[in-house]
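Visitor:
Protein chains: 2
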Amino acid sequence: MLSERRLEVLRAIVQDYVGTEEPVGSKALTERHRLGVSPATIRNDMAVLEEEGYIAQPHTSAGRIPTDKGYRLFVDKLAGVKPLSSPERRAIQNFLEGAVDLDDVVGRTVRLLAQLTRQVAVVQYPSLTRSTVRHVELLSLAPARLMLVLITDTGRVEQRMIDCPAPFGEVALADLRARLNSRVVGRRFADVPRLVQDLPESFEAEDRPTVSTVLATLLENLVEETEERLLIGGTANLTRFGHDFPMMIRPVLEALEEHVVLLKLLGEAGQPGMTVRIGHENAHEGLTSTSVVAVGYGSGDEAVAKLGVVGPTRMDYPGTMGAVRAVARYVGQILAES
Amino acid sequence: MLSERRLEVLRAIVQDYVGTEEPVGSKALTERHRLGVSPATIRNDMAVLEEEGYIAQPHTSAGRIPTDKGYRLFVDKLAGVKPLSSPERRAIQNFLEGAVDLDDVVGRTVRLLAQLTRQVAVVQYPSLTRSTVRHVELLSLAPARLMLVLITDTGRVEQRMIDCPAPFGEVALADLRARLNSRVVGRRFADVPRLVQDLPESFEAEDRPTVSTVLATLLENLVEETEERLLIGGTANLTRFGHDFPMMIRPVLEALEEHVVLLKLLGEAGQPGMTVRIGHENAHEGLTSTSVVAVGYGSGDEAVAKLGVVGPTRMDYPGTMGAVRAVARYVGQILAES
DNA sequence: GCTGGCACTCGGGTGGAGCGAGTGCCAAAC
DNA sequence: GTTTGGCACTCGCTCCACCCGAGTGCCAGC
Numbered sequence: 001m002l003s004e005r006r007l008e009v010l011r012a013i014v015q016d017y018v019g020t021e022e023p024v025g026s027k028a029l030t031e032r033h034r035l036g037v038s039p040a041t042i043r044n045d046m047a048v049l050e051e052e053g054y055i056a057q058p059h060t061s062a063g064r065i066p067t068d069k070g071y072r073l074f075v076d077k078l079a080g081v082k083p084l085s086s087p088e089r090r091a092i093q094n095f096l097e098g099a100v101d102l103d104d105v106v107g108r109t110v111r112l113l114a115q116l117t118r119q120v121a122v123v124q125y126p127s128l129t130r131s132t133v134r135h136v137e138l139l140s141l142a143p144a145r146l147m148l149v150l151i152t153d154t155g156r157v158e159q160r161m162i163d164c165p166a167p168f169g170e171v172a173l174a175d176l177r178a179r180l181n182s183r184v185v186g187r188r189f190a191d192v193p194r195l196v197q198d199l200p201e202s203f204e205a206e207d208r209p210t211v212s213t214v215l216a217t218l219l220e221n222l223v224e225e226t227e228e229r230l231l232i233g234g235t236a237n238l239t240r241f242g243h244d245f246p247m248m249i250r251p252v253l254e255a256l257e258e259h260v261v262l263l264k265l266l267g268e269a270g271q272p273g274m275t276v277r278i279g280h281e282n283a284h285e286g287l288t289s290t291s292v293v294a295v296g297y298g299s300g301d302e303a304v305a306k307l308g309v310v311g312p313t314r315m316d317y318p319g320t321m322g323a324v325r326a327v328a329r330y331v332g333q334i335l336a337e338s
Numbered sequence: 339m340l341s342e343r344r345l346e347v348l349r350a351i352v353q354d355y356v357g358t359e360e361p362v363g364s365k366a367l368t369e370r371h372r373l374g375v376s377p378a379t380i381r382n383d384m385a386v387l388e389e390e391g392y393i394a395q396p397h398t399s400a401g402r403i404p405t406d407k408g409y410r411l412f413v414d415k416l417a418g419v420k421p422l423s424s425p426e427r428r429a430i431q432n433f434l435e436g437a438v439d440l441d442d443v444v445g446r447t448v449r450l451l452a453q454l455t456r457q458v459a460v461v462q463y464p465s466l467t468r469s470t471v472r473h474v475e476l477l478s479l480a481p482a483r484l485m486l487v488l489i490t491d492t493g494r495v496e497q498r499m500i501d502c503p504a505p506f507g508e509v510a511l512a513d514l515r516a517r518l519n520s521r522v523v524g525r526r527f528a529d530v531p532r533l534v535q536d537l538p539e540s541f542e543a544e545d546r547p548t549v550s551t552v553l554a555t556l557l558e559n560l561v562e563e564t565e566e567r568l569l570i571g572g573t574a575n576l577t578r579f580g581h582d583f584p585m586m587i588r589p590v591l592e593a594l595e596e597h598v599v600l601l602k603l604l605g606e607a608g609q610p611g612m613t614v615r616i617g618h619e620n621a622h623e624g625l626t627s628t629s630v631v632a633v634g635y636g637s638g639d640e641a642v643a644k645l646g647v648v649g650p651t652r653m654d655y656p657g658t659m660g661a662v663r664a665v666a667r668y669v670g671q672i673l674a675e676s
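Written as structure tokens, this is what we have:
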């Protein structure tokens, strides 16, 4: 177990390194922090911290920088979450309230988050399966062509074209629409399969294939394709990465384009509270020098999706965590209102 | 007017520079191209080309690189559009045909374009005003709360929440829905204002404010906010920019985040055929070292939106133009089918 | 108008010297 | 046992001098 002072030294190293972006030495530490001991003592402490793997030196005769393990300890034990100032809070609220629809909410959120944290922001669209159905609409576009529109309580609207196996009359259509809605409106999308299971049986034999097709579209196709959609912003902030940004930016940009990877990353973020993944804790190779701060958000008490930021491991964790948490809260509020 | 051979020299310079990314000298030129004259002659031609502003040298004792003006001449007079190979065409078609809805079409298009050109792809969503209305849906969510859903022939689905000035009965709602649809379905969105102008008058006095609100939402809010939406992809390709990419990438990424700027850029692309904007021809400051190749696409003969790529001025123009044109065509086909 | 020759320019790469921040270790002091 | 001052050592960084070679412009001759 590390002594109190050694933890303090680690905290100081992290703070200084985040601020200056340069390896920090023993002398500089005593000058910038009131540690009450001499550089020589700090050197001893640093040697211990290095042996334990919390810090490292890029090369002999250079100062120390925190390792992933060091940041981990810092985040877990040494740093709190810095709350935002109240002007910042007001700005967030004002900015988000101007949104006109879900796309707009997500778009504004991602810009906001990128601007607040000066990092890359990632916002997942509210999950369909975790949302509640508000309405299902069926429109006849041609004799054997339907359009299915699904609207959820989080404001998501999804649609699909359906080619029916047989022509489908207006009466049957209205019938299906009414029955479908009466069963699923107000229910969670995850329950829909169970609720509509026996629906085809109650139709004329000739219409059953079409009804089945519609249900199949609703359940499979729609969910699979749209479940996981996300928006990214603030990539220009990647240029703030540090002096070695030209080397790092390529793999990060590539990773960001792979939405599947990102979604997995966000998905791994534990349900309750905020998750911070530091450096090599991120499975993806392109992101081993980045940290991901993510949190769930939702219109009610349950999270319907995640949002977060991707930045250099050398980031201001307390500030970033504060911003992420605050934005998630306000987005939840906005969704609940709409 | 430049002689035939001097044009040939310019073409050779552009091609070599695009390929090698290094200033090209007179000797190298004669070696790689059968110009039939000696380096000394080429030097004279180069001196003329430089005087006319088509090429420049980064510093004395270096080879020449094309200027924006040089690229302009190359694109206008010297280069054709390189058609894609038929495997490429097939790949495009296969890839795009898997799309399930408009978001998916646009998403796939942007990925496709980025991959084909190895540059940054930009795809604008089909414009609402230039589309045709397929259906308008009105749903009652609460006594004085409506949801308006608009569906167009290009597959766009937009929705808005409406807070009514007064409660609105189911009967009136059905009435409004029916009348609205009978007037606007199959018409171009641009004509809708004219078509619904007198609609409020035919309702009971108490319902008129609500009807007006609905129409106002349909016309103003919805169009303004959603007219100009776009998707960007392939930003990782910016790292291919050249040796000075660390300097250039920042402003470019920033410009790409300003969708307004991009839309203006695309919008300026002349209607018929492809537009190529080279370097300083782009008004935006961050894009002065990039070229933009854009073209309109649409489900019919008329363009409903634009798509294109952003890359270094030092790009393979014939290949890029070929890819952009081909993708635009196939997207048009897909939209027409859906 | 084209060509070969020639002097000149200048960016980039190489290698050594000096500097300074930072370290590790040790003996003495607290 | 912990802390401290002292001291030798390491090593990355910068500066500078140097050379090399690609490329140019110019000129006289074909």
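Residue numbers (the numbering used here), protein chains in the order written: chain A, 1 to 338; chain B, 339 to 676. The beta carbon of each residue, even a glycine, is placed where N, CA and C say it ideally should be. Predicted model only: the values in this text are computed from it and were never measured.
1) Could you run through the segment 252-264 of chain A and flag, in chain order, every residue whose CB is less than 7 Å away from some CB of chain B?
2) Measure the beta-carbon distance from LEU533/B to LEU553/B and round it to whole angstroms, keeping in mind my assumption that it falls under 8 Å.
3) Out of ALA593/B, GLY636/B, GLY646/B, state which residue places its alpha-carbon closest to the alpha-carbon of GLU623/B.
4) Between the C-alpha atoms of GLY107/A and VAL122/A, what's the straight-line distance to the nearest angstrom?
5) Does any residue of chain B bring its CB to less than 7 Å from the CB of ALA121/A?
6) Just tell me which of LYS69/A, GLN333/A, ALA326/A, ALA336/A has its CA closest to the CA of LEU112/A.
7) Just the Cα atoms here: how many angstroms apart are GLU31/A and GLU50/A?
8) Using a beta-carbon distance below 7 Å, is HIS243/A in contact with chain B?
9) Using 7 Å as the threshold, is the C-beta distance between GLY670/B and LYS420/B below it?
10) Under 9 Å between beta-carbons, which chain A residues line up against PRO584/B? List them in chain order, please.
11) Pull up the CB-CB distance for THR313/A and TYR71/A, whole angstroms please, since I reckon it's below 8 Å.
12) Is PRO58/A helix, strand or coil when you go by DSSP?
13) Select from the segment 476-509 of chain B all residues with a C-beta closer than 9 Å to any C-beta belonging to chain A, and list them in chain order.
14) Skipping 5 residues on each side, what residues in its chain have a beta carbon closer than 6 Å to that of LEU139/A?
15) Is the number of C-beta pairs between the segment 249-269 of chain A and the segment 568-576 of chain B that are closer than 8 Å three or more?
16) Using the rule of at least 16 other Cβ atoms within 10 Å of the residue's Cβ for burial, across every protein chain shown, is MET247/A buried or exposed?
17) Suppose the cutoff is 7 Å on Cβ atoms and the five residues either side in sequence are ignored; what does the same chain contact list for ARG578/B look like?
18) Starting from ASN230/A, trace the alpha helix (DSSP H) in both directions and tell me its first and last residue.
19) Report the CB separation of THR67/A from TYR54/A in whole angstroms; it is logged as a contact under 8 Å.
20) Do you know whose CA, among THR490/B, GLY646/B, LEU466/B, GLY657/B, lies nearest VAL523/B's CA?
21) If you measure between the beta carbons of ALA480/B and THR548/B, is that distance less than 7 Å?
22) Evaluate the contact criterion for the segment 611-618 of chain B versus the segment 628-636 of chain B: three or more CB pairs, one atom per stretch, below 8 Å.
23) Given that SER676/B touches chain A, what residues does it touch there, using C-beta distances under 9 Å?
24) Among GLU539/B, ARG483/B, GLN535/B, VAL458/B, which residue has its Cα nearest to the Cα of LEU645/B?
25) Leaving out five residues before and five after ARG483/B in sequence, what residues of the same chain have Cβ atoms less than 8 Å from its Cβ?
26) Of the choices HIS473/B, ARG472/B, ILE351/B, GLU390/B, whose alpha-carbon is the least far from that of MET339/B?
27) The alpha helix (DSSP H) that contains SER550/B, what's its start and end?
28) Using 7 Å as the threshold, is the C-beta distance between SER131/A and THR154/A below it?
29) What's the call for ALA336/A, buried or exposed, on a 16-neighbour Cβ count within 10 Å?
30) Enumerate in chain order the residues of its own chain whose CB-to-CB distance from LEU411/B is below 7 Å, with the five nearest sequence positions on each side excluded.
31) Alpha carbon to alpha carbon, how far is ALA417/B from ALA366/B? Give it in angstroms, no decimals.
32) According to DSSP, is GLU158/A part of a helix, a strand, or is it coil?
33) Count the other CB atoms, across all protein chains shown, that sit within 10 Å of the CB of ARG494/B; report buried if there are 16 or more and exposed otherwise.
34) Could you give the distance in angstroms between the alpha-carbon of GLU342/B and the alpha-carbon of GLY638/B?
35) At a CB-CB cut-off below 7 Å, which residues of chain B make contact with ASP175/A?
36) Would you call SER423/B buried or exposed, if buried means 16 or more other Cβ atoms sit within 10 Å of its Cβ?
Guide: By the coordinates alone:
1) LEU253, GLU254, GLU257
2) Taking the second sequence and counting its residues from 1, one reaches residue 533/B at position 195. Taking the second sequence and counting its residues from 1, one reaches residue 553/B at position 215. So it is not a contact: roughly 10 Å between Cβ atoms.
3) Position 285 of the second sequence holds residue 623/B. The residue with the shortest Cα to Cα distance from GLU623/B is ALA593/B.
4) Taking the first residue of the first sequence as position 1, residue 107/A is located at position 107. Taking the first residue of the first sequence as position 1, residue 122/A is located at position 122. If you take the alpha carbons of GLY107/A and VAL122/A, they lie about 10 Å apart.
5) In the first sequence, the residue the question calls residue 121/A occupies position 121. ALA121/A does not count as touching chain B.
6) Translated into positions along the first sequence, residue 112/A becomes position 112. Among LYS69/A, GLN333/A, ALA326/A, ALA336/A, the Cα nearest to that of LEU112/A is on ALA326/A.
7) By one-based count along the first sequence, residue 31/A stands at place 31. By one-based count along the first sequence, residue 50/A stands at place 50. So the alpha carbons of these two residues sit roughly 21 Å apart.
8) Your numbering for residue 243/A matches position 243 in the first sequence. Cβ-Cβ to chain B under 7 Å: no for HIS243/A.
9) By one-based count along the second sequence, residue 670/B stands at place 332. By one-based count along the second sequence, residue 420/B stands at place 82. Contact: no.
10) Translated into positions along the second sequence, residue 584/B becomes position 246. Chain A residues near PRO584/B: THR239, PHE245, PRO246, ILE249.
11) Sequence index remark: in the first sequence, residue 313/A carries index 313 (1-based). Sequence index remark: in the first sequence, residue 71/A carries index 71 (1-based). The pair is a contact, with the Cβ atoms about 6 Å apart (cut-off 8 Å).
12) Position 58 of the first sequence, counted from the first residue, corresponds to residue 58/A. Looking at PRO58/A - three-state DSSP - the assignment turns out to be coil, as it is neither helix nor strand.
13) LEU477, LEU479, MET485, VAL487, ILE489, GLY493, VAL495, GLU496, GLN497, ARG498, MET499
14) Residue mapping note: residue 139/A aligns to position 139 of the first sequence, counting from 1. These residues qualify, in order along the chain: MET147.
15) yes
16) To locate residue 247/A, count along the first sequence from 1; it is residue 247. By the 10 Å Cβ count, MET247/A comes out exposed.
17) Sequence index remark: in the second sequence, residue 578/B carries index 240 (1-based). Cβ neighbours of ARG578/B beyond the five flanking positions: ARG456.
18) Here residue 230/A is taken as the residue at index 230 of the first sequence, counted from 1. Correcting the residue type first, residue 230/A is Leu in the shown sequence and not Asn. From DSSP, LEU230/A is part of no alpha helix (DSSP H) but of the beta strand (DSSP E) over 230-233.
19) The residue given as residue 67/A occupies position 67 in the first sequence. The residue given as residue 54/A occupies position 54 in the first sequence. About 6 Å separates the two Cβ atoms, so the contact holds.
20) The residue labelled residue 523/B in the question sits at position 185 within the second sequence. Here the closest residue by C-alpha is THR490/B.
21) For the purposes of this step, residue 480/B is identified with residue 142 of the second sequence, where counting begins at 1. For the purposes of this step, residue 548/B is identified with residue 210 of the second sequence, where counting begins at 1. No, they are not a contact pair.
22) yes
23) Looking up residue 676/B in the second sequence gives position 338. Those are MET161, listed as they occur along chain A.
24) Locating residue 645/B in the second sequence gives position 307, counting from the first residue. When each option's Cα is compared against that of LEU645/B, the closest is VAL458/B.
25) Here residue 483/B refers to the residue found at position 145 of the second sequence. For ARG483/B, where only same-chain residues beyond five positions count, the Cβ hits under 8 Å are MET499, ILE500, ASP501, CYS502.
26) Indexing the second sequence from 1 puts residue 339/B at position 1. Selected option, being the one with the closest Cα: GLU390/B.
27) On the second sequence, position 212 is the one that residue 550/B refers to. Looking at the DSSP string, the run of the alpha helix (DSSP H) that includes SER550/B is 546-554.
28) Within the first sequence, residue 131/A is the residue found at index 131, counting from 1. Within the first sequence, residue 154/A is the residue found at index 154, counting from 1. Contact flag set, yes.
29) Translated into the one-based positions of the first sequence, residue 336/A becomes position 336. The residue is exposed, with fewer than 16 neighbouring Cβ atoms inside 10 Å.
30) Along the second sequence, read from residue 1 onward, the residue named residue 411/B stands at position 73. Excluding positions up to five away in sequence, the list reads LEU348, TYR392.
31) As a position in the second sequence, residue 366/B is number 28, starting the count at 1. As a position in the second sequence, residue 417/B is number 79, starting the count at 1. Rounded to the nearest angstrom, the two C-alpha atoms are 21 Å apart.
32) Position 158 of the first sequence, counted from the start, is the residue given in the question as residue 158/A. Of the three classes helix, strand and coil, the one that applies to GLU158/A here is strand, per DSSP.
33) Position 156 of the second sequence, counting from 1, holds the residue named residue 494/B. By the neighbour-count rule (16 or more Cβ atoms within 10 Å), ARG494/B is buried.
34) Mapped onto the second sequence, residue 342/B falls at position 4. Mapped onto the second sequence, residue 638/B falls at position 300. Using only the alpha carbons, I get a separation of about 41 Å.
35) On the first sequence, residue 175/A is found 175 positions in, with the first residue counted as 1. The premise fails here: ASP175/A is roughly 17 Å from chain B at the closest Cβ pair, so nothing lies under 7 Å.
36) Locating residue 423/B in the second sequence gives position 85, counting from the first residue. Exposed: under 16 other Cβ atoms inside 10 Å.
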